[in-house]
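Following the numbering used here, the numbering of the sequence shown begins with 188 at its first residue and continues without gaps.
For every residue, glycine included, the Cβ atom is placed at its ideal position computed from N, Cα and C.
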Amino acid sequence: ESILAFLGDRYATLSAELEAGADSRKLVWARAMTARLVDLVLHRLLGLSAAEREELEAAS
188 ESILAFLGDR YATLSAELEA GADSRKLVWA RAMTARLVDL VLHRLLGLSA
238 AEREELEAAS
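Have a look at this one:
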């Protein structure tokens, strides 16, 4: 769960930098990868099956 808090903080920091006007493909990429890691950690914590993960991915 601490990794999830870290990732959430990181996502917020990256979002704030982008909203402040930082224009960087690296920041956009880092934020997208952080969001993906949040998803993966949540899937693991919640014990989702492969079918449930696929359903969530399709809905988003």
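Alpha helix (DSSP H) segment containing residue i, residue limits
| i | result |
| --- | --- |
| A195 | One detail in the question is off: residue 195 reads as Gly in this sequence, not Ala. Unbroken alpha helix (DSSP H) run through G195: 189-206. |
| L262 | Absent from the structure is residue 262, since the part of the chain shown begins at 188 and ends at 247. |
| A209 | Run containing A209: none; DSSP gives neither H nor E here. |
Chain-order list of residues whose beta-carbon lies under 8 angstroms from that of residue i (same chain, five-residue window excluded)
| i | result |
| --- | --- |
| R218 | Y198, L201, S202, L205 |
| D210 | none |
Close Cβ partners of residue i (< 6 angstroms) along its chain, the five nearest in sequence each way excluded
| i | result |
| --- | --- |
| A245 | none |
Integer-rounded CB distance, given that residue j should sit under 8 angstroms from residue i
| i | j | result |
| --- | --- | --- |
| L224 | L194 | 5 angstroms |
Option in the options with minimal Cα separation from residue i
| i | options | result |
| --- | --- | --- |
| I190 | E241, T221, L235 | T221 |
Cβ-based neighbour list, residue i, same chain, cut-off 7 angstroms, excluding 5 preceding and 5 following
| i | result |
| --- | --- |
| H230 | R240 |
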